[in-house]
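Let me begin by presenting the structure, written as structure tokens, before commenting on it.
2 protein chains.
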Amino acid sequence: MTEERQDKKDHILEIAEKLFADLGYDGASTRHISQAAGVNMAMLNYYFGGKEGLYLSIFQKHVTQQKIKLENLNNEEISSIEKLEKCIDDYADKMMSNCAFQKIIYREMSLSQRSELNKKIISLISLNALEVKRIISEGIKNGSFNQDADADMLVASLFGTKSYIINAAEMSSLLMGYDVTNPSVIETVVKPRLKNHIKKMFRAYLINNNENN
Amino acid sequence: MTEERQDKKDHILEIAEKLFADLGYDGASTRHISQAAGVNMAMLNYYFGGKEGLYLSIFQKHVTQQKIKLENLNNEEISSIEKLEKCIDDYADKMMSNCAFQKIIYREMSLSQRSELNKKIISLISLNALEVKRIISEGIKNGSFNQDADADMLVASLFGTKSYIINAAEMSSLLMGYDVTNPSVIETVVKPRLKNHIKKMFRAYLINNNENN
DNA sequence: AATAATTAATCAATCGATTAATTATTTTTG
DNA sequence: CAAAAATAATTAATCGATTGATTAATTATT
Chain Z
14 MTEERQDKKD HILEIAEKLF ADLGYDGAST RHISQAAGVN MAMLNYYFGG
64 KEGLYLSIFQ KHVTQQKIKL ENLNNEEISS IEKLEKCIDD YADKMMSNCA
114 FQKIIYREMS LSQRSELNKK IISLISLNAL EVKRIISEGI KNGSFNQDAD
164 ADMLVASLFG TKSYIINAAE MSSLLMGYDV TNPSVIETVV KPRLKNHIKK
214 MFRAYLINNN ENN
Chain W
14 MTEERQDKKD HILEIAEKLF ADLGYDGAST RHISQAAGVN MAMLNYYFGG
64 KEGLYLSIFQ KHVTQQKIKL ENLNNEEISS IEKLEKCIDD YADKMMSNCA
114 FQKIIYREMS LSQRSELNKK IISLISLNAL EVKRIISEGI KNGSFNQDAD
164 ADMLVASLFG TKSYIINAAE MSSLLMGYDV TNPSVIETVV KPRLKNHIKK
214 MFRAYLINNN ENN
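Encoded structure:
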């Protein structure tokens with residue numbers, strides 16, 4: 014059945030995503046992936062055409078999902094700070110509930126190998142980043158944000174802070190004193206704390222009229 | 014001669030560091046590294062005992078350098094905000110002038126493979142992170158910083174922002190409109206802009222008494 | 001009966017590492 | 001100081017292991 018086949022493909026994608034995140038692209042062998050997914054190694058080639066095809070399929074799955082969310086936010090008519098805070102919440106939710114994929118993304122971005130693949134990934138992430146920049150720039154332009162704020166750097170701070178918590182999870186755990194890799198800890202402790210921090214910091218920097226040097 | 018030998022070893026380490034950063038640990042083969050360094054493949058094993066030994070040597074080189082800097086900052090007696098800003102500058106200088114190593118570090122931190130190696134790396138980075146946290150916590154304690162500031166998250170924002178600029182260089186370039194991988198651009202544009210941004214943002218969040226919800 | 005799905009076995013290529021042989025450099029010795 | 005002995009450095013060739021991929025045969029489904 015087509016339905017069963019799709020379920021099996023999704024299952025493989027799920028397992029593969031986890032293994033790629035934990036072991037890296039080269040580190041996760043097709044033998045390991047197929048074994049973990051409980052399928053024959055040849056099925057990976059049968060379904061996805063090969064290891065690269067499997068890897069790409071993982072990205073394509075997420076690209077489709079993310080595109081919809083972006084378009085929704087684009088069309089809302091709310092204040093700049095509300096938009097930005099909505100953005101902060103959205104990305105925190107998305108990134109925190111999908112740590113494995115985030116790890117893959119940022120690791121892939123830091124390589125210069127597999128350039129065709131890289132370009133696809135970067136064009137995806139750049140959609141997100143440029144959208145956030147647009148919101149901030151708009152806020153600066155319409156006077157609701159500090160005039161000499163650096164939109165590019167703020168984008169870096171937003172995504173950088175979140176990816177640091179996720180990618181350097183073992184570091185973060187050591188820093189905070191609890192297990193940042195534990196999903197329930199992430200949901201109940203890390204995520205709200207992260208959201209609160211970024212919102213407060215961005216608000217202090219962007220809105221309150223203070224004289225920094 | 015011992016001196017010549019050390020020079021050759023350093024040369025190999027330099028080349029290997031670049032290749033590991035560009036291609037990843039698995040992606041950079043010993044054949045590739047030895048060829049790029051202009052030495053026979055067997056020399057890597059002769060000098061470093063193998064690929065892992067070579068990889069470790071790169072870290073040990075940097076560990077030694079960083080330890081000294083950390084101890085110096087520890088012993089200075091200046092205000093909390095001065096210490097923090099000095100920290101921001103120091104890490105910006107270090108990370109920006111050594112992008113290759115930073116890429117390796119953060120990629121390694123996001124893996125769960127090679128655990129003995131990972132622990133060494135994490136313990137090194139945690140030294141830096143905990144030092145920054147200590148400075149911020151001290152500032153909160155002695156009343157110079159905002160009382161409800163989140164020290165852990167600030168550390169994540171500091172290192173996260175910087176590593177985002179470096180690791181997601183292609184993204185940053187697309188965002189900012191100039192080549193973030195170009196050393197002279199980094200030195201004259203990116204580095205000062207990054208320093209300024211973090212200092213201003215941290216100052217707004219930590220010092221100016223504002224009422225964020 | 002025909003097509004799709006699945007398996008086990010095998011392919012060539014590449015990996016890191018090692019070997020044995022050769023060359024270069026010290027060190028010892030006369 | 002030079003010849004010889006000893007050690008260090010370097011090379012080319014090869015090792016077994018693992019990689020992703022493919023094949024041909026088998027089983028399941030339509």
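Here the protein sequences come in this chain order: Z and W.
Residue 14 is where the first sequence starts when you use our numbering, and the numbers rise one by one after that.
Residue 14 is where the second sequence starts when you use our numbering, and the numbers rise one by one after that.
From the three backbone atoms N, C-alpha and C, an ideal C-beta is built for every residue, glycine too.
Keeping to the same chain, check which residues put their C-beta closer than 6 Å to that of residue i; ignore five residues upstream and five downstream.
i                : result
Asn223 (chain Z) : Note that Asn223 (chain Z) has pLDDT 48, beneath the 50 cutoff, so the model's placement of it is unreliable and the number below is only indicative. Correct list: empty, nothing qualifies.
Phe33 (chain Z)  : Ala41 and Ile117
Asn225 (chain Z) : A caution first: Asn225 (chain Z) carries a pLDDT of 42, below 50, which makes its placement in the model unreliable, though a value can still be read off. Nothing meets the Cβ criterion.
Lys64 (chain W)  : Thr43
Gly62 (chain Z)  : none
Tyr60 (chain Z)  : Lys22
Ser250 (chain W) : The first residue shown for chain W is 14 and the last is 226, placing residue 250 (chain W) beyond what the model contains.
Leu219 (chain Z) : Phe158, Asn159 and Ala162
Gln115 (chain W) : Met108 and Ile179
Leu167 (chain Z) : Ile149
Leu137 (chain Z) : Val76
What first and last residue would you give for the alpha helix (DSSP H) that runs through residue i?
i                : result
Gly173 (chain W) : Ala164 to Asn180
Ser93 (chain W)  : Ser93 to Met109
Glu121 (chain W) : Cys112 to Met122
Asn209 (chain Z) : Lys204 to Leu219
Under 7 Å Cβ to Cβ from residue i, same chain only, skipping five residues before and after it: list those, please.
i                : result
Tyr38 (chain W)  : Tyr68
Ala49 (chain Z)  : Ile28 and Leu32
His24 (chain W)  : Ala50
Glu98 (chain W)  : Lys212
Met56 (chain W)  : Ser47
Val198 (chain Z) : Tyr191 and Asp192
Val202 (chain W) : Tyr191
Asn66 (chain Z)  : The amino acid occupying residue 66 (chain Z) in the given sequence is Gly; Asn does not appear at that position. Excluding residues within five positions, none has a Cβ falling inside 7 Å.
Lys208 (chain Z) : Ile101, Asp102 and Ala105
What do you reckon, is the C-beta of residue i under 7 Å from a heavy atom of the ligand HEM?
i                : result
Leu219 (chain W) : The ligand HEM is absent from the structure shown, which contains no ligand whatsoever.
Looking only at its chain, what residues have a beta carbon closer than 8 Å to the beta carbon of residue i, apart from the 5 residues adjacent to it on each side?
i                : result
Asn53 (chain W)  : Ser47
Glu82 (chain Z)  : Reading the sequence as shown, one finds Lys at residue 82 (chain Z) and not Glu. Asp103 and Lys107.
Glu30 (chain Z)  : Ile71, Ala113, Phe114 and Ile117
Ile135 (chain W) : Met122
Ile89 (chain W)  : The sequence shown places Glu at residue 89 (chain W), rather than the Ile named in the question. The answer, listed in chain order, is Lys96 and Lys99.
* Evaluate the contact criterion for the stretch 106-116 of chain Z versus the stretch 173-185 of chain Z: three or more CB pairs, one atom per stretch, below 8 Å. => The stretch 106-116 of chain Z, when compared against the stretch 173-185 of chain Z, does touch it at the 8 Å Cβ threshold.
* Kindly provide the ranges of any alpha helix (DSSP H) runs that are 4 or more residues long and lie completely inside the stretch 25-68 of chain W, ordered along the chain. => DSSP runs (the alpha helix (DSSP H)) wholly in the stretch 25-68 of chain W: 43-50 and 54-61.
* **Segment contact, 8 Å Cβ cut-off, at least three pairs: the stretch 148-159 of chain Z with the stretch 81-99 of chain Z** => The way I'd put it, the stretch 148-159 of chain Z does touch the stretch 81-99 of chain Z; three or more beta-carbon pairs between them come closer than 8 Å.
* To do: For the stretch 183-193 of chain Z and the stretch 132-143 of chain W, state whether three or more C-beta atom pairs, one from each stretch, are separated by less than 8 Å.
  => Enough Cβ pairs lie closer than 8 Å, so yes.
* On the three-pair Cβ rule with 8 Å, is the stretch 75-83 of chain W touching the stretch 155-167 of chain W? -> No, they do not touch.
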